[in-house]
Structure formats: structure tokens, C-alpha cells
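Before any comments, here is the structure.
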Amino acid sequence: MTSAPPESQLTDTLSVVDSVLRHVGRRLPAHVARDDLASAGKLALVEALLRFTGPPTEARAYCYARVRGAVFDELRRLDPLSRRTRARVNAVARATSELTGELGREPADYEVAEATGLSVASVREATRLVLTDPYPLDGSADGAAFELPDAAAPCPAESAAADDTATSLQEALDRLLPNQALALRRYYLEEATLDDIAAELGVSRERARQVREAGEKRLRADFIVLALWQSYLVRR
Numbered sequence: 005m006t007s008a009p010p011e012s013q014l015t016d017t018l019s020v021v022d023s024v025l026r027h028v029g030r031r032l033p034a035h036v037a038r039d040d041l042a043s044a045g046k047l048a049l050v051e052a053l054l055r056f057t058g059p060p061t062e063a064r065a066y067c068y069a070r071v072r073g074a075v076f077d078e079l080r081r082l083d084p085l086s087r088r089t090r091a092r093v094n095a096v097a098r099a100t101s102e103l104t105g106e107l108g109r110e111p112a113d114y115e116v117a118e119a120t121g122l123s124v125a126s127v128r129e130a131t132r133l134v135l136t137d138p139y140p141l142d143g144s145a146d147g148a149a150f151e152l153p154d155a156a157a158p159c160p161a162e163s164a165a166a167d168d169t170a171t172s173l174q175e176a177l178d179r180l181l182p183n184q185a186l187a188l189r190r191y192y193l194e195e196a197t198l199d200d201i202a203a204e205l206g207v208s209r210e211r212a213r214q215v216r217e218a219g220e221k222r223l224r225a226d227f228i229v230l231a232l233w234q235s236y237l238v239r240r
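In terms of my numbering, the sequence shown is residues 5 to 240.
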């Protein structure tokens, strides 16, 4: 049976939910109630504290990752569009923005269709959804970018190899201390600043840098993991 978390540990992590909501709130859709996200985050925080078995100094990073995941899951659940439709809406919005910058004018539907690999009818439907989209450009719940079929798309074998690499990298990061894994993911994969990471960990900017470097040092101890890490970053 899992014991209750120490009072000091609970006190140190109470601000995690607010930290996550401040980050997500920068692009929160108007139709989503902050209280709904807060409820999901608080439940995840309690579950994380009950499951956590590491040293107290790692509790905040562990809880932050679990709360952040729960909040994004709730946003995905509240998204009125399916994942497939969301992919098309994001692709059309992104292509339209890029073409407008390149052409100096709003692109025609057929130009967006050529850029995305979609039919003109699909582009028009996605454009209609963009106009009423409750999420900002590239602002789906988890900020994920979706890959659409095009001439440069990798073959199934390449996709499988990429998936294997991503899985191996994920497993390698999971073997790090929670705060080190969070720092590396946020800094390299999500392009967060050291100030953002410091706020999430509840430490100074210099300490956040030290945590990131400590994680990198542990990865370098395993040359196989290092090769995976470097190859993943090169492809980004």
C-alpha cells in the first residue's frame, strides 16, 4: 500500500498546477474553462504524489510532468475537432501563413492544396474550420505538429526506424533523474528557455543550467544513447 506523501513534500509541489496552467494559459482557447483544467491537474498531482517514490528533491519535476500531461489530455478531450481534422486545419493554416509571406498576397486555394498535398475541397473545408477554430495557429492542445503525406514523406521502413529511435530515446531519458529528463526535453525538444525550465523546477536559472548539463553528462556516459540523442537532434 502506498503511503501518503510527507507534508513538506506536498507543500513544495502545491504550486505545480498553477505553474502548468500559467504556461498553458498563454494560448488557452476561449471555450475552455480554466477550472476544468485545474481540476484535472489537481487530480493528477495527488496521484503523482501518491506514486512518487524518489527523493524529495525530485518530487516537483516528477509531478510537473504528470500534471502537464493530464492538462494536455484534458485539452485534447475538449477539442471539438478530431485529431485527423485538427491535422488538416493546422496544415492549411500553416501553409497559408507561409505562402502569404512568400507571395506577398493571400494564396489561392489551389496553391495551398499543392503545398499541403490536400485536395482543393479539403483545403476549403479546412479554411472554413480555421475561421471558427477555437485554437490558435499550431495551438492544438499539445502543440503537436502532424505529418501529412507528400512527395518528401519517408517510406514505411524509414518511419519505423524513426519510431524505434524515438522510443529508444524516450527510454533513455526515462532512466535519467526526473528533473534532468524534464530539462533536456523542454530545452532541446520543446525549445523552452532556461528561465522557463527554472520556473517549472522551482530553482534558479543557474541551477536549471546545471541540471540540464548533469543530464547531458549522464547521457554521454552511454555512447549508444549519445548516438541516438545526437541523431535525433540532427533530424529536427
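We put the beta carbon where it would ideally sit given N, CA and C, even for glycine.
(request) Specify, as a first and last residue, the run of the alpha helix (DSSP H) that R81 falls within. (result) Indexing the sequence shown from 1 puts residue 81 at position 77. Taken as a continuous stretch (DSSP letters only), the alpha helix (DSSP H) holding R81 covers 63–82.
(message) Are the CB atoms of Y191 and A209 within a distance shorter than 7 angstroms?
(response) As a first step, residue 209 must be located in the sequence shown, where it is residue number 205. As a first step, residue 191 must be located in the sequence shown, where it is residue number 187. Checking the sequence shown, residue 209 turns out to be Arg, not Ala. Their beta carbons are not under 7 angstroms apart, which means R209 does not touch Y191 by this criterion.
(request) Identify whether P182 lies in helix, strand or coil by the three-state DSSP scheme. (result) The count along the sequence shown starts at 1 and reaches residue 182 at position 178. Helix.
(request) Let me know if T100 comes out buried or exposed under the rule of 16 or more other beta-carbons within 10 Å of its beta-carbon. (result) In the sequence shown, residue 100 corresponds to position 96, counting from 1. Looking at its Cβ environment, which holds 16 or more other Cβ atoms inside 10 Å, T100 is buried.
(request) Kindly list the residues whose CB is nearer than 7 angstroms to the CB of V116, restricted to its own chain and excluding five residues on each side of it in sequence; keep chain order. (result) Taking the sequence shown and counting its residues from 1, one reaches residue 116 at position 112. V96, A99, T100, L103, V127, listed in sequence order.
(request) Compute the Euclidean distance between the alpha carbons of V21 and L49, then round it to the nearest angstrom. (result) By one-based count along the sequence shown, residue 21 stands at place 17. By one-based count along the sequence shown, residue 49 stands at place 45. Answer to the nearest angstrom: the Cα atoms are 7 angstroms apart.
(message) I believe L180 touches R213 by the beta-carbon criterion, under 8 angstroms. Please report the beta-carbon distance rounded to the nearest angstrom.
(response) Taking the first residue of the sequence shown as 1, we reach residue 180 at position 176. Taking the first residue of the sequence shown as 1, we reach residue 213 at position 209. A Cβ-Cβ separation of about 16 angstroms leaves L180 out of contact with R213 under the 8 angstroms criterion.
(request) Leaving out five residues on either side along the sequence, give the residues of the same chain with a beta carbon under 8 angstroms from the beta carbon of L25. (result) Residue mapping note: residue 25 aligns to position 21 of the sequence shown, counting from 1. R38, L41, A42, G45, V75.
(request) Please confirm whether S23 and E204 have their CB atoms less than 7 angstroms apart. (result) In the sequence shown, residue 23 corresponds to position 19, counting from 1. In the sequence shown, residue 204 corresponds to position 200, counting from 1. Annotated as proximal: S23 and E204, with beta-carbon spacing under 7 angstroms.
(message) My assumption, with CB atoms under 8 angstroms, is that A218 sits in contact with Q174. Please give the rounded CB distance.
(response) Numbered from its first residue, the sequence shown carries residue 218 at position 214. Numbered from its first residue, the sequence shown carries residue 174 at position 170. Not confirmed; about 19 angstroms, so no contact.
(message) Rounding to the nearest angstrom, what Cα-Cα distance links V93 and L53 in this structure?
(response) As a position in the sequence shown, residue 93 is number 89, starting the count at 1. As a position in the sequence shown, residue 53 is number 49, starting the count at 1. So the alpha carbons of these two residues sit roughly 38 angstroms apart.
(request) Could you say which of E51, G58, E62, R88 lies nearest to V71 if we only look at CA atoms? (result) Taking the first residue of the sequence shown as 1, we reach residue 71 at position 67. Comparing Cα-Cα distances from V71 to each of E51, G58, E62, R88, the minimum goes to E51.
(request) Go through its chain and collect everything with a Cβ distance to L107's Cβ below 6 angstroms, but skip five positions before and after it. (result) For the purposes of this step, residue 107 is taken as residue 103 along the sequence shown, with counting starting at 1. Cβ neighbours of L107 beyond the five flanking positions: none.
(request) Using three-state DSSP, classify L103 as helix, strand or coil. (result) In the sequence shown, counting from the first residue as 1, residue 103 sits at position 99. In the structure shown, L103 sits in a helix (DSSP, three-state: H, G or I).
(request) Kindly indicate which residue of A176, A187, P60 has the alpha-carbon position closest to the one of A202. (result) What you label residue 202 is simply residue 198 of the sequence shown in a count that begins at 1. Comparing Cα-Cα distances from A202 to each of A176, A187, P60, the minimum goes to A187.
(request) Excluding the 5 residues preceding and the 5 following Y68 in the sequence, name in chain order all residues of the same chain whose CB lies nearer than 6 angstroms to its CB. (result) The residue you call residue 68 lines up with position 64 of the sequence shown. V20, E204, listed in sequence order.
(message) Does G219 come out as helix, strand or coil in the three-state DSSP assignment?
(response) To locate residue 219, count along the sequence shown from 1; it is residue 215. It is helical.
(request) Identify whether V20 lies in helix, strand or coil by the three-state DSSP scheme. (result) Stepping through the sequence shown from its first residue, residue 20 is reached at position 16. If DSSP states are grouped into helix, strand and coil, V20 belongs with the helices.
(request) Take P182 as the anchor and find which of V28, D200, H27, P60 has the nearest alpha-carbon. (result) Stepping through the sequence shown from its first residue, residue 182 is reached at position 178. The residue with the shortest Cα to Cα distance from P182 is P60.
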